[in-house]
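Participant: In the working numbering, the protein residues as written are 1 to 731.
Think of the CB as a built atom: it goes at the ideal place given N, C-alpha and C, for glycine as much as any other residue.
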Amino acid sequence: MDYEGFRMGIMTDFSIGQSLLTVDKLVNSAKKIGLKRIVVADDMTISSLISLQKKAKENGIQAMVGVKFRCYANPLARKNDGAKANDPYVALKVFPKTEAGLQSIFRILTKANSDERFYYNARGGFEDLTELRECVVTFGDLFGLTSQEQLDKINLDASCSLYAEFCPIDTPYWDRVNKERWLCCESPKIKGGVLSYPAMYATDDEAYSMTPLKAVCTNTNIKSRFLPHQFVRDFALERDRDLVVDDFQQMWTRVVANWPKCASVAQNIISDAAKGETFQSEPFYQFEKHKPCLPQMAENEFLEVVRQCKEGWARRLFVERLGYKPDASMLPVYKERLAYELSVIQKMGFANYFLVVADLVNWSKTNGVRLGPARGSAGGSLIAYLMGITEVDPIRFNLVFERFINPSRIDLPDVDLDYQSTKRTMVIDYLKAKYGEDRVAGISNYGTLASASAFRDTGRIFGLTPMQMTATKLVPKENGISASLSEAADLVPEIDKLKSDFPDVWRHALRFEGVMRSLGQHAAGTVVAGEPLVNRAVVERRAEGNVVNWDKRVVEDYGLIKMDILGLSTLDVLDIAQEYIKKRHGADIDYLALPLNDPKVLDAFARGDTTAVFQFDSQGMQNLLRRLGRGGALTFDDVTAATALYRPGPLDSGLTDEYIAIKQGLRAPHYDHPILKDALSKTYGVMVYQEQIMQVCRDLAGFSMAEADSLRKAIGKKDLEKMSHMKGKFV
């Protein structure tokens, strides 16, 4: 059997505390040593599937991704049950062949993560295996099946295949394990055999960091007698010595020579291998992006959106809001914009998303839950404004729809909604009551070790004091992204001293950078599906309730729409202030009826008198407002510009100082080309907003707004390759 370019037995850092192989590191190492196919199974999770298969495909590697499924004799056992709770488990590997196979894995992992089952870790049972469909199951490697008694407990559906798994590790223990597995091959349940070699780090020298990694992930002192140590250090992906995988039959022949009883079984398996009936010939699931899955909100959802927009047209455009009502002469502009937006969402099939969000917003308003007016790109949608989702008129503020929905890119819209933090749970409860608890959940958050935390967490388990690790606070950041430890040591003498004072800690910390250390829950992300979530994800438990196993970067790839339901304490303060005003003065204040050009309010901003005002209460922001105020009367446009200018990019590049100098009259506005004046005149020639980047691309380079949004996104992500690709068209 040809095993060239094939490697099975790999775990990634999704097996928390058990592997140093991040997705990027795994694929890069596999490419380096010429692997064409990798087979990955993580401990009780399949969360690496989407990101790993995407990355592998980009590098010309096939990735077969499954789960190492722990089977306990009694998955419901607890400590009070005595020895039963400590029963050893059998870690079988399960790989999906098809979408149906993956869904069956979702179901058994969801059950294993339930409150009844979870005990220190998710716990499965042998009876769960009967629920698998269209999967490949193997004996597993470490802690895998070792006896006929265990094999007898495995009963699979006819659509599944069972393979004996052998490990070519030349030790007495593995000789015995392989012998027992050979004897199991006499069972008619076994379709064939497969050779695997565990891999949980890239190079041999990284083996010495495995015990510290376990200590970091369990927050255990390295000297604790309860900390499990990994004494076997042979599980590197890039091994210095050749693996015995070039000739699988040679491995089998050696085992058969020791155990003649296996000869006939071995011959049958080898014969099947010659016919191509092997583990490698099995079909395996390859991820493809799924269509969005949302509840159906109307028989004809697009017509319902149109109806709500018509109602909103009469309700919103003929009443003064935030001190503004459009002139009759402007209505054709609104009409043209609305027709365009409706055509886009009809073409892209996003009508039901708007209906779900509008339903949630309207329920909140009628049930005493205060919302923020708008945040993020959703403010650029006239549909969202007319349906009551946002309170920001995009025409008035010159906001761009394509930043919210780009017609040339099938990306789902993302409306960020701010709710009173004290009433956020009411909103989640409403979603569960309306759509069903099995269709609403939070989103996982993958907690990785950044440079500073990698050193601090490693130092803590080795007994370093906080005082000794103070220098980690000096790790430089660029645009909010921390430098690596190696870069920080070159730039900061105090960090370089840490490197020389604590070389062992430093060496381990370098290996831990970017490695996952814990799972959490996204602060605001919530998914609402049109079918049970278990069809599209593993539903896991966190302290605040159910979450899907996918994080915010990949959840939408599986068709689950992320809604950011963020609790904001400022809204509670506004609610309390409204009550106080009514009690003291008898006035029922409507914040949305207040104008945005009140001189007294703007004078207070110009003085930096903004204590407890959201986003304006830091000392640096107050200083910026005072500097802006010295240039004459502060306008609302200046206040909004301040929120964009008080960020690392503008501050570091000098844009903020240039804006202030022009505002104060110390410098004249400058335009690199006269055609830029229309886009930049309101901000004194300084490019402040992302919408201005898009308008410049349109006015100067002739981009469509959809193309301009793609370039804007590339600039925001510092995607040099994509920017270079668009440079020719721009020029």
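#1: Taking the alpha-carbon of Phe-287 as reference, which of Lys-111, Gly-101, Leu-331 has the nearest alpha-carbon?
#2: Quick check on DSSP: helix, strand or coil for Asn-221?
#3: Measuring straight from C-alpha to C-alpha, what distance separates Gln-148 and Cys-185?
#4: Indicate the three-state DSSP secondary structure (helix, strand or coil) for Phe-636 in the structure shown.
#5: Count the other CB atoms within 10 Å of the CB of Thr-465; is the residue buried (16 or more) or exposed (fewer)?
#6: Assign Tyr-173 to one of three DSSP states: helix, strand, or coil.
#7: From Arg-541 to Asp-115, what distance separates their C-alpha atoms?
#8: List the endpoints of the continuous beta strand (DSSP E) containing Asn-445.
#9: Where does Gly-34 land, buried or exposed, given buried means 16+ other C-beta within 10 angstroms?
#10: If I measure Cβ to Cβ from Val-440 and keep anything under 6 Å in the same chain, skipping five residues before and after, which residues do I get?
#11: Using 10 angstroms around the beta-carbon of Met-210, count the other beta-carbons present and answer buried if the total reaches 16, otherwise exposed.
#12: Considering just the uninterrupted stretch of the alpha helix (DSSP H) at Met-426, what are its terminal residues?
#13: Given a cut-off of 8 Å, decide if Leu-566 and Tyr-659 are closer than it, judged by their beta-carbon atoms.
#14: Using the rule of at least 16 other Cβ atoms within 10 Å of the residue's Cβ for burial, across every protein chain shown, is Met-8 buried or exposed?
#15: Return the chain-ordered list of same chain residues with a C-beta closer than 7 Å to the C-beta of Tyr-203, the five sequence neighbours on each side being excluded.
#16: Grab me the residues of Ala-450's own chain with a C-beta within less than 6 Å of its C-beta, minus the 5 sequence neighbours each way, in chain order.
#17: Can you tell which of Leu-342, Thr-45, Val-65 has its C-alpha closest to the C-alpha of Leu-26?
#18: Measuring alpha carbon to alpha carbon, tell me which of Gln-692, Met-11, Tyr-89 ends up nearest Val-400.
#19: Residues in its own chain within less than 6 Å of Phe-69 by CB, not counting five upstream and five downstream?
#20: What are the boundary residues of the alpha helix (DSSP H) that Ser-451 is part of?
#21: Measuring CA to CA, which of Leu-227, Gln-280, Arg-315, Lys-477 is closest to Asp-652?
#22: Does Lys-191 pass the burial test, meaning 16 or more other C-beta atoms within 10 Å, or should it be called exposed?
#23: How about Leu-151 and Lys-189: do their beta carbons lie closer than 8 Å?
#24: For Phe-605, which residues in the same chain have their Cβ closer than 6 Å to its Cβ, ignoring the five residues on either side in sequence?
#25: What is the C-beta distance between Ala-454 and Leu-498, in whole angstroms, given that I count them as a contact (C-beta under 8 Å)?
#26: Which runs of the alpha helix (DSSP H) fall wholly inside the segment 675 to 729 and span at least 4 residues, in chain order?
#27: Which residue or residues does DSSP assign as beta-bridge partners of Asn-367?
#28: Touching or not, the segment 538 to 552 and the segment 576 to 588, by the rule of three or more beta carbon pairs under 8 Å?
#29: Please report how far the alpha carbon of His-508 lies from the alpha carbon of Thr-458, in whole angstroms.
#30: In the DSSP assignment, what are the bridge partners of Met-64?
#31: If I measure Cβ to Cβ from Met-726 and keep anything under 6 Å in the same chain, skipping five residues before and after, which residues do I get?
#32: Secondary structure at Asp-247, three-state DSSP: helix, strand or coil?
#33: Could you name the residues of the same chain whose beta carbon sits closer than 6 Å to that of Glu-58, not counting the 5 residues immediately before and after it, in chain order?
#34: Out of Leu-317, Gly-323, Pro-295, Asp-709, which one is the CA nearest neighbour of Tyr-334?
#35: Spatial neighbours of Lys-677 within its chain, please: CB distance less than 6 Å, with the 5 preceding and 5 following residues excluded, ordered by chain position.
#36: Report the rounded CA-to-CA distance for Leu-680 versus Gly-716, giving the unit in angstroms.
Facilitator: Per the coordinate set shown:
#1: Reading the sequence shown from its first residue, position 287 is the one you call residue 287. Cα-wise, what sits closest to Phe-287 is Gly-101.
#2: As a working note, residue 221 is residue 221 in the sequence shown. Reduced to three states, the DSSP call for Asn-221 is coil.
#3: Stepping through the sequence shown from its first residue, residue 148 is reached at position 148. Stepping through the sequence shown from its first residue, residue 185 is reached at position 185. If I take the Cα positions, the gap works out to 9 Å.
#4: On the sequence shown, residue 636 is found 636 positions in, with the first residue counted as 1. Three-state result, Phe-636: helix.
#5: As a position in the sequence shown, residue 465 is number 465, starting the count at 1. Exposed, since its Cβ has fewer than 16 Cβ neighbours within 10 Å.
#6: Taking the sequence shown and counting its residues from 1, one reaches residue 173 at position 173. Correct three-state label for Tyr-173: helix.
#7: For the purposes of this step, residue 541 is taken as the residue at position 541 of the sequence shown. For the purposes of this step, residue 115 is taken as the residue at position 115 of the sequence shown. C-alpha separation (whole angstroms): 7 Å.
#8: Here residue 445 refers to the residue found at position 445 of the sequence shown. Residues 440 to 448.
#9: Looking up residue 34 in the sequence shown gives position 34. When all chains shown are included, Gly-34 counts as exposed.
#10: Counted from its first residue, the sequence shown places residue 440 at position 440. Same-chain partners within the cutoff: Leu-431, Lys-432, Val-528.
#11: Here residue 210 refers to the residue found at position 210 when the sequence shown is read from its first residue. With 16 or more Cβ atoms within 10 Å of its Cβ, Met-210 is classed as buried.
#12: Translated into positions along the sequence shown, residue 426 becomes position 426. Looking at the DSSP string, the run of the alpha helix (DSSP H) that includes Met-426 is 424 to 435.
#13: Here residue 659 is taken as the residue at index 659 of the sequence shown, counted from 1. Here residue 566 is taken as the residue at index 566 of the sequence shown, counted from 1. No, they are not a contact pair.
#14: Translated into positions along the sequence shown, residue 8 becomes position 8. By the neighbour-count rule (16 or more Cβ atoms within 10 Å), Met-8 is buried.
#15: Along the sequence shown, read from residue 1 onward, the residue named residue 203 stands at position 203. Checking the sequence, you will find Thr at residue 203 rather than Tyr. Cβ neighbours of Thr-203 beyond the five flanking positions: Ala-236, Glu-238.
#16: One-based indexing of the sequence shown puts residue 450 at position 450. Ser-482, listed in sequence order.
#17: The sequence position of residue 26 within the sequence shown is 26, counting from 1. Measuring from the Cα of Leu-26, the nearest candidate turns out to be Val-65.
#18: Position 400 of the sequence shown, counted from the first residue, corresponds to residue 400. The shortest C-alpha separation from Val-400 is found at Gln-692.
#19: For this step, residue 69 is matched to residue 69 along the sequence shown. Cβ neighbours of Phe-69 beyond the five flanking positions: Leu-92, Val-94, Gly-124.
#20: Here residue 451 corresponds to residue number 451 of the sequence shown, with the count starting at 1. It spans 451 to 461 - the alpha helix (DSSP H) in which Ser-451 sits, taken as one unbroken run.
#21: On the sequence shown, residue 652 is found 652 positions in, with the first residue counted as 1. Considering only alpha carbons, the answer is Lys-477.
#22: For the purposes of this step, residue 191 is taken as the residue at position 191 of the sequence shown. Classification of Lys-191: buried, given that the 10 Å Cβ count is 16 or more.
#23: Counting from 1 along the sequence shown, the entry for residue 151 is found at position 151. Counting from 1 along the sequence shown, the entry for residue 189 is found at position 189. Cβ atoms of Leu-151 and Lys-189: closer than 8 Å.
#24: Within the sequence shown, the letter at position 605 stands for residue 605. For Phe-605, where only same-chain residues beyond five positions count, the Cβ hits under 6 Å are Leu-625, Leu-634, Val-639.
#25: Here the question's residue 454 lines up with position 454 in the sequence shown. Here the question's residue 498 lines up with position 498 in the sequence shown. Going by Cβ atoms, the distance from Ala-454 to Leu-498 rounds to 12 Å, so no, they are not a contact pair.
#26: 677 to 680, 690 to 701, 705 to 716
#27: Looking up residue 367 in the sequence shown gives position 367. Asn-367 is not bridged to any residue.
#28: Touching, no, given that fewer than three Cβ pairs across the two stretches are closer than 8 Å.
#29: On the sequence shown, residue 508 is found 508 positions in, with the first residue counted as 1. On the sequence shown, residue 458 is found 458 positions in, with the first residue counted as 1. The straight-line gap from Cα to Cα measures roughly 7 Å.
#30: Residue numbering aside, residue 64 sits at position 64 when the sequence shown is read from its first letter. Its beta-bridge partners are Val-39.
#31: Mapped onto the sequence shown, residue 726 falls at position 726. Once the five neighbours on either side are set aside, the close Cβ partners of Met-726 are Leu-711.
#32: In the sequence shown, residue 247 corresponds to position 247, counting from 1. The predicted model places Asp-247 with a pLDDT of 47, which falls under 50 and marks its position as unreliable, so this point remains unresolved.
#33: Taking the sequence shown and counting its residues from 1, one reaches residue 58 at position 58. Contacts found: none.
#34: As a working mapping, residue 334 is identified with position 334 in the sequence shown. The residue with the shortest Cα to Cα distance from Tyr-334 is Leu-317.
#35: Locating residue 677 in the sequence shown gives position 677, counting from the first residue. Tyr-671, listed in sequence order.
#36: As a working note, residue 680 is residue 680 in the sequence shown. As a working note, residue 716 is residue 716 in the sequence shown. Their backbone Cα atoms lie some 19 Å apart in a straight line.
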